[in-house]
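Here the structure is laid out as C-alpha cells; the discussion comes afterwards.
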Amino acid sequence: MQGAIARFCVVVAAAILNHPLLFPDNSTAPAPDQEDDLLVRMKEHQEQLEAEQAQLEKELSTEALDAGPGHYYIWYFWSALSLIIFFTIEVCRQESSQMGYQGSEAQSEDEEAWFGGVGASSTGLVLEKCVLASFSETCFHGATHENRRMREFVEGFADDLLEALRSVGDREADMEVEDFVGVGSVFETWGVCKPFTCDLIVPFSPPEPYWYQFQLWCGPSSDLTPDLWQGCGQIRLARFGEGCTNCQCGSTHLDEDMLCLVHNRADPSRDDNHCLEEFLCSKGTNYLAKDQVMKWFQISVTKAWGRISHKYEFELTFRNLDCPGALKIRFRSGKVVLLNLTPVVQLKDTDAYFILHFPMDGESSSDTHWHLSFSVYERNLLRHLAKSFPENSCHIRCLQVASFLHKKQTSLTGICALTNHHLKTALLHLLLAKHPSEWGPQHLDQRFKNLICFLQKSIQEKRLSHIIIGNSSVPKEIGVPEIFRSAEPVNLFRSLVLQRQLHTTVVEHFQEMVRNAPVLIQEYTAHIPDGSHSGLQP
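Residue numbering for the sequence shown follows the UniProt record's numbering, beginning at 1 and increasing consecutively.
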C-alpha cells in the first residue's frame, strides 16, 4: 500500500515538474506555426500520465480490498488531490495559451502599424494607391512649377548680390568670392513646403600669397580623434612656401630678379602683414574660425545689399544672426522667399565643402572644426539614379510626402533633431537598395511605406549612416574620392546616442507625425467627381 502511494506521488510530481507552465522558457517560445505540434505532444504526454495514473489506481484499489476500512479515506484523499492538481494545470494551460495568442496577435498588430507607417485604424486610407497619388498630385504639382520660377529669380538675384559683394571688397587683400552652387530641396526638385527655401553655398578662397592646408578626420596623418570629430576637418591658412614640399621656392632663397611660376611670388617672407590671419583665424592660431568667417561674410553681404537695394522692390532682412547668409525676401504682395547664402571652403580637387552650419549638428563643436558637406555629391547621386528609373517615377513624390508631413508636425510640436536631410538620406539608401523598376508611379504607396519603415528602424536603433562617407554602394560615376569611400561610416544619429532626451523627442515627433498623417492627407486631398484635382497648396 505504501509503495503504491509512493509511486503515485512520483507520477503526480513528474506531471507537475514537466508541465511547461511551471518553468516557462520565454527565450525559446514557439513560433505560431509550431504551436499545433507542441499541443499535440503535450496531449500525448498527458494521456500517458493518465494511463499510468489509472494503473496505479487499479493497484491501489486491489490492495484496498485487503486493507481495513480506514484506508478508504486515504484513497479518497489522494484521488481528490490528484483531480484538483490536474484540473488546475489544465485551466492554467488554456488561459496561458489564449493570453499568449492574444499577446502575439497584439504584437503583430503593433509591428504592422509601425512598419505600415500609419496607425492601424487608418492603414487603408494612407497607403491606398489612389488616395496617396491624389494627395501628392493635388498638393505638389503646382508647387513644383512655382519652384522653378522662384529658383530662376533667386539665381539671378544671388548673382547680382555676389557681384556687388566682390566690388565692395579689396581685391588685393580681401577674400575671393567664387560663384555660388545650388543645393538642397529646391535644386533637387523635391521642395514643396512654403515659404520656399533656396540653399546656395558660396565658396571663398584667400588672396595670394595665402593658400589652404586641410586636415581631415579620416586622413592618414590626422591629429583629429575619429570618434569625436567624425565628418569634420580643420582649415589652416598658410602662406606659399609654408608647408609646401612640392615647390623649391619655400625651401630655397630666390634672387630678386627670379620669379616662381607656380606661386607668382619672389619672396613671400617679405610680406609681414598678418592681418588676414588676425581677421579670420582663431586667436593665436592659423586655423580658420567659423565665428570670424561668419562676421566677415555678414558684413560683406550687408554692404553689398546697400549697393544694389535701389534696384529691387522688396525688403531684405537677416532672419537668423547665427547663420551669416540666412536672408528673408518679402515682396510687396506679402509673398516670402527664404534664401540661405552659406560661405564654404572647397576641399581641393573635390566637390566636398567645409561648411559653417550643417543639419547633422546635434552638439556644440570647436570654432576651428568645420563639418564637411557632401550636398553636391548627394545631388549628383539623386540625378544619376533617376536616369535609370521609369518615367514619372515615384521617388521624388515619396520624399515630398515625407517632407510635407514632417513640416506640418514641426509646426505643431516644434523643431526636433530630425531634419529633411535625414529624410533624403533614408530615401537615397532605399534608391541604392531597390531595383529601378520598383520605383514606377504605380508603386508610390509601397515605396512610401518602405521609407517610413526605414526611418522608424533608424530612429529606434539610433543609427542612420551617411549616404556618401564609407558607402561602397555609391556608383563610381559620382566621383567620390577614395579617402571618403574607404572611411568608416558616419552615423548621422550620433547625437541621439549621446543625448537620451533628444532621442525621446525625435521618437515622439515621429510617432505623432505618423499618427497625424491620415488626418492631414484627408484634409489636403480634394476629391472631385470628374477626377480632377483642386489647386490646394501645403
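Just so it is clear, CB atoms sit at the ideal spot from N, CA and C, and this is done for glycine as well.
Do you know how far the Cα of Leu412 is from the Cα of Val519? Distance from the CA atom of Val519 to the CA atom of Leu412, rounded to whole angstroms, is 14 Å.
Taking just the CA atoms, how far does Ser393 sit from Ile483? Between Ile483 and Ser393, the C-alpha separation is close to 33 Å.
Neighbourhood of Met360 by C-beta, 6 Å cutoff - its chain only, sequence neighbours within 5 removed: Annotation note: pLDDT 46 at Met360 (below 50); position unreliable, coordinate value reported separately. Within the same chain, Met360 has close Cβ partners Leu492.
Taking contact to mean at least 3 C-beta pairs separated by less than 8 Å, is the region 364 to 383 in contact with the region 344 to 354? With the cut-off at 8 Å, the region 364 to 383 and the region 344 to 354 touch.
Backbone CA spacing between Ser458 and Thr504 [nearest angstrom]: In a straight line, the C-alpha of Ser458 is about 14 Å away from that of Thr504.
Can you find at least 3 beta carbon pairs, one from the region 450 to 467 and one from the region 177 to 197, that sit closer than 8 Å? The region 450 to 467 vs the region 177 to 197: no contact.
Leaving out the 5 sequence neighbours to the left and right, which residues in its chain are closer than 6 Å to Gly470 when beta-carbon positions are compared? Sequence-distant Cβ neighbours of Gly470 in its own chain, meaning closer than 6 Å and more than five residues away, are Ala487, Glu488 and Pro489.
Measure the beta-carbon distance from Met150 to Phe196 and round it to whole angstroms, keeping in mind my assumption that it falls under 8 Å. That pair is a contact at about 5 Å.
Report the residue from Trp211, Gln234, Tyr210 and Ala238 whose alpha carbon sits nearest the alpha carbon of Glu221. The question names Glu, but residue 221 is Ser in the sequence shown. Just measuring C-alpha positions, the residue of Trp211, Gln234, Tyr210 and Ala238 sitting nearest Ser221 is Gln234.
Flag this pair as touching only if the region 399 to 417 and the region 434 to 443 have three or more C-beta atom pairs under 8 Å; answer yes or no. Under the three-pair Cβ rule at 8 Å, the region 399 to 417 does not count as touching the region 434 to 443.
Enclosing alpha helix (DSSP H) for Pro518 [first to last residue]: Arg500 to Tyr524 is the span of the alpha helix (DSSP H), which, as asked, contains Pro518.
Let me make sure I understand the geometry here. Which of Val181, Cys130 and Gln292 has the alpha-carbon closest to that of Thr368? Closest option to Thr368, Cα to Cα, is Gln292.
Closest to Lys328 by C-alpha separation, out of Thr302, Ser134 and Val344, would be which residue? When only C-alpha atoms are compared, the closest one is Thr302.
In this structure, how does DSSP classify Asp223 when only helix, strand and coil are distinguished? Asp223 sits in coil when the DSSP states are folded into three classes, being neither helix nor strand.
Within 10 angstroms of its Cβ, does Ser300 collect 16 or more other Cβ (buried), or is it exposed? By the beta-carbon neighbour count (other beta carbons within 10 angstroms, threshold 16), Ser300 is buried.
Mind checking Lys283: buried by the 16 CB within 10 Å criterion, or exposed? Exposed.
State buried or exposed for Leu321, treating a residue as buried only when at least 16 other CB atoms are found within 10 Å of its CB. Leu321 should be labelled exposed.
From Pro324, Leu339 and Leu276, residue whose alpha carbon lies closest to that of Gly330: Per the sequence shown, the amino acid found at residue 330 is Arg instead of Gly. For the residues Pro324, Leu339 and Leu276, the minimum Cα distance to Arg330 belongs to Leu339.
Within this structure, are the beta carbons of Arg236 and Asn286 separated by less than 7 Å? Yes, these two residues count as a Cβ contact at 7 Å.
For Leu431, which residues from the same chain have a beta carbon less than 7 Å from its beta carbon, with the 5 sequence-adjacent residues on both sides left out? Counting only Cβ-Cβ distances below 7 Å, and skipping sequence neighbours, we find Leu385 and His395.
With Lys295 as the anchor, note down where its beta strand (DSSP E) starts and where it stops. Here Lys295 belongs to no beta strand (DSSP E); instead the alpha helix (DSSP H) covers Lys290 to Ile308.
What number of angstroms, rounded off, separates the C-alpha of Ser437 from the C-alpha of Pro390? Roughly 6 Å between the two C-alpha positions.
So, is Gln460 buried or exposed, given that buried needs 16 or more other C-beta atoms within 10 angstroms? Exposed, because fewer than 16 other Cβ atoms sit within 10 Å of the Cβ of Gln460.
Give the straight-line distance between the Cα atoms of Pro317 and Ala158, rounded to the nearest whole angstrom. Note that residue 317 is Thr in the sequence shown here, rather than Pro. Each residue's alpha carbon lies about 14 Å from the other.
When we look at the beta-carbon of His145 and count the other beta-carbons within 10 Å, is it buried (16 or more) or exposed? Burial call: exposed.
Closest to Gln46 by C-alpha separation, out of Ile85, Trp305 and Leu381, would be which residue? The closest CA to that of Gln46, considering only Ile85, Trp305 and Leu381, is found on Ile85.
Report all residues from its chain with a CB closer than 7 Å to the CB of Ala304; omit the five preceding and five following residues, and keep chain order. These residues qualify, in order along the chain: Leu161, Ala164, Leu165 and Val168.
Could you check if Thr525 is buried or exposed, using at least 16 other CB atoms within 10 Å of its CB as the buried criterion? In the assembly as shown, Thr525 is a buried residue. Its beta-carbon has 16 or more other beta-carbons within 10 Å.
Smallest Cα separation from Lys462: which of Arg494, Ser473, Lys476 and Ile478? Among Arg494, Ser473, Lys476 and Ile478, the Cα nearest to that of Lys462 belongs to Arg494.
On the DSSP bridge list, what partners appear for Pro203? Partner(s): Val344.
Excluding the 5 residues flanking Trp229 on each side, which residues of the same chain have their C-beta closer than 7 Å to its C-beta? Once the five neighbours on either side are set aside, the close Cβ partners of Trp229 are Trp217 and His369.
Do Ile355 and Ser366 have their C-beta atoms within less than 7 Å of each other? No, these two residues do not count as a Cβ contact at 7 Å.
So the candidates are Tyr212, Cys232, His141 and Gly325; which of them puts its Cα closest to the Cα of Phe240? Of Tyr212, Cys232, His141 and Gly325, the residue nearest in Cα terms is Tyr212.
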